[in-house]
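Student:
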Amino acid sequence: MDLRKNPNEQPNWKGIWVFAEQRDGIIQSVAFELLSEAKNLARTLSCEVSAVLLGDEKIEVDPLFEYGVDKVYVAAHPELKNYLTAPYTSTLAEMVNTYKPEIFLIGATTIGRDLAARLAIRINCGLTADCTGLAIDPEKKILQQTRPAFGGNIMATIISPNHRPQMATVRPKVFKKIKIQKQKEKNVIKFSPVIKGEDLLVKILETIKDESVKVNLQEAEIIVSGGRGICDQKNFKMIEDLASALGGAVGASRATVDAGWISAHHQVGQTGKTVAPKLYIACGIAGKIQHLAGMQGAETIVAINKDPDAPIFKVATYGIVGDCLEIVPALIRKVKELRI
Ligand SMILES: Cc1cc2nc3c(=O)[nH]c(=O)nc-3n(C[C@H](O)[C@H](O)[C@H](O)COP(=O)(O)OP(=O)(O)OC[C@H]3O[C@@H](n4cnc5c(N)ncnc54)[C@H](O)[C@@H]3O)c2cc1C
């Protein structure tokens, strides 16, 4: 909606929506993270927070109410069981035009990125992709959407003053999910989607899971990451050994992924995954801004680097200046000793 053409429409656009992405019927963690942040934003706007869930008739709405949503809009249809760009876009466009949310937040997952871009075009509004911060302008009451720009060298705050809804995608793990204990009245609004033949030109014939992805980096509580400072592809073995001794997952810098030492599934950073583990151990990683963008949310950061001036030490909780080829094996021995 272009408010310049329809200035009287502005008050009709109210509330914050969060797209409750589901896969195999399971609502993804990013939806709960966005709902938690939406509750913060809603305090300044004094508005409701709603989740929007698309799926088949069996789709489960209850988990959303644990995160304090005021309403859940549900569109159930057999063709919405699994994500497909066209039927999801058409259904959500109908829902947005019917219920008029002021803000619409979507997880910057592979599904969310595809969907948000299509939807923004369909409903004629802007979209700020991959935000790392959201706020409400206290005077104008519009959404301030912050994201890295120019290769991560500046943080740009973008607004969308003339169009509704204001749309943003946010990566998983940028915000923390906060459960709200209080039992809430379960306000579910059912929307009946009309799926047209033209939206069903693509069919899912089979889904093949990538078996090489053994761990979900974004859900790991401990991550041990290797950078170019581990010197050789074969030394990822010691990174794996430390991760496994600690019960954690293996991460990597882009330099190592680009060198073909490890698959891109492990890359942490601006063009990799955003992670927020309890413990992040960076081994031989310089700590360039693009890497920090993906791991600064970790509770405790341990950095091992032989250069005392490496930028990683600026964000590290504990810094070890030294050769990771000596320190990592020593750590593995110590962890194993303590486990016995
Ligand atoms: C648009 C854009 C997006 C990007 N996205 C990402 C991203 O998502 N993730 C990412 O990681 N990078 C990203 N980068 C790349 C980033 O700028 C860096 O080039 C990269 O992170 C460097 O990786 P590194 O720290 O492993 O390697 P290097 O910069 O080569 O650093 C290696 C470090 O290891 C230390 N070292 C060397 N030998 C040892 C040793 N034996 N023991 C201990 N320490 C040692 C060195 O002192 C150095 O600090 C991006 C860049 C651009 C332009």
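For what it's worth, the numbering used here labels the leading residue of the sequence shown as 686, then goes sequentially. Where a beta carbon is used, it is the ideal one built from N, C-alpha and C, also for glycine. Please read these numbers as outputs of a predicted model, since none were measured by experiment.
Considering only residues of the segment 964-997, which uninterrupted beta strand (DSSP E) runs meet the minimum length of 3 residues and lie entirely inside it, listed in chain order?
Tutor: With a minimum length of 3 residues, the continuous beta strand (DSSP E) runs that stay inside the segment 964-997 are 964-968 and 985-990.
Student: Are the beta-carbon atoms belonging to Glu-751 and Lys-864 less than 8 Å from one another?
Tutor: Yes, the pair counts as a contact, with Cβ atoms nearer than the cut-off.
Student: Could you tell me the alpha carbon to alpha carbon distance between Leu-719 and Gly-882, rounded to whole angstroms?
Tutor: So the alpha carbons of these two residues sit roughly 33 Å apart.
Student: So the alpha helix (DSSP H) Lys-922 belongs to, where does it begin and stop?
Tutor: Taken as a continuous stretch (DSSP letters only), the alpha helix (DSSP H) holding Lys-922 covers 921-931.
Student: Apart from the five residues just before and just after Glu-764, which ones in its own chain have a Cβ nearer than 6 Å to its Cβ?
Tutor: Around Glu-764: Pro-772 and Ile-880.
Student: Short of 7 Å in beta carbon distance, which residues of its chain neighbour Glu-694, apart from the five on each side in sequence? Order them along the chain.
Tutor: Contacts found: Met-686 and Leu-688.
Student: Compute the minimum distance between the beta carbon of Ser-948 and the heavy atoms of ligand 1, and state whether it is under 7 Å.
Tutor: It does not: the Cβ of Ser-948 is nowhere closer than 7 Å to a heavy atom of ligand 1.
Student: Please state if the CB of Trp-702 and the CB of Val-737 are separated by a distance shorter than 8 Å.
Tutor: Their beta carbons are under 8 Å apart, which means Val-737 touches Trp-702 by this criterion.
Student: Out of Lys-958, Lys-922 and Val-781, state which residue places its alpha-carbon closest to the alpha-carbon of Arg-939.
Tutor: Arg-939 has its Cα closest to that of Lys-958, out of Lys-958, Lys-922 and Val-781.
Student: Return yes when the Cβ of Cys-810 is within less than 8 Å of the Cβ of His-762, no when it is not.
Tutor: In this structure, Cys-810 does not lie closer than 8 Å to His-762 by Cβ.
Student: Ordered along the chain, which non-local residues of its own chain (more than five positions away) have a Cβ less than 7 Å from that of Val-754?
Tutor: Same-chain partners within the cutoff: Leu-720, Val-734, Ser-735 and Ala-736.
Student: Quick one: residues in its chain with C-beta nearer than 8 Å to the C-beta of Val-1020, no 5 flanking neighbours on either side, listed in chain order?
Tutor: So the list reads Leu-927, Ala-930 and Leu-931, once near-sequence residues are dropped.
Student: Run the proximity test for Arg-939: is its beta-carbon closer than 7 Å to any non-hydrogen atom belonging to ligand 1?
Tutor: Within the cutoff, so yes.
Student: Give the straight-line distance between the Cα atoms of Met-840 and Lys-999, rounded to the nearest whole angstrom.
Tutor: Their Cα atoms are separated by approximately 18 Å.
Student: As an exercise, report each continuous beta strand (DSSP E) stretch of at least 3 residues that is fully enclosed by the segment 762-834, in chain order.
Tutor: Complete beta strand (DSSP E) runs here, min 3: 788-792, 812-816, 818-821 and 828-834.
Student: Measure how close the beta-carbons of Asp-822 and Gln-829 come, nearest whole angstrom, since I'm counting them as under 8 Å.
Tutor: Correct: roughly 6 Å between the Cβ atoms.
Student: Going by C-alpha distance, which of Thr-817, Ala-934 and Asn-767 is nearest Glu-891?
Tutor: Taking only the C-alpha atoms, the option nearest Glu-891 is Asn-767.
Student: Assign Pro-696 to buried or exposed, taking buried as 16 or more other Cβ atoms, counted over all protein chains shown, within 10 Å of its Cβ.
Tutor: Under this definition Pro-696 is an exposed residue.
Student: Nearest-angstrom Cα distance between Ala-705 and Thr-985?
Tutor: Distance between the alpha carbons of Ala-705 and Thr-985: 30 Å.
Student: Tell me which residue opens and which closes the beta strand (DSSP E) that Ser-721 is part of.
Tutor: Ser-721 -> not in any beta strand (DSSP E); alpha helix (DSSP H) instead, spanning 714-730.
Student: Taking a contact to mean a Cβ-Cβ separation below 8 Å, would you say Leu-790 touches Ala-723 in this structure?
Tutor: Yes, the pair counts as a contact, with Cβ atoms nearer than the cut-off.
Student: Here's the rule I'm using: 16 or more other beta-carbon atoms within 10 Å means buried, otherwise exposed. How should Asn-782 be labelled?
Tutor: Under this definition Asn-782 is an exposed residue.
Student: Around the C-beta of Ile-970, are 16 or more other C-beta atoms found within 10 angstroms, so that it is buried, or is it exposed?
Tutor: Result: buried.
Student: Is Thr-956 near ligand 1, with its Cβ less than 7 Å from a heavy atom?
Tutor: Thr-956 Cβ: within cutoff of ligand 1.
Student: Alpha carbon to alpha carbon, what distance is there between Phe-717 and Pro-748?
Tutor: Going from the Cα of Pro-748 to the Cα of Phe-717 covers about 9 Å.
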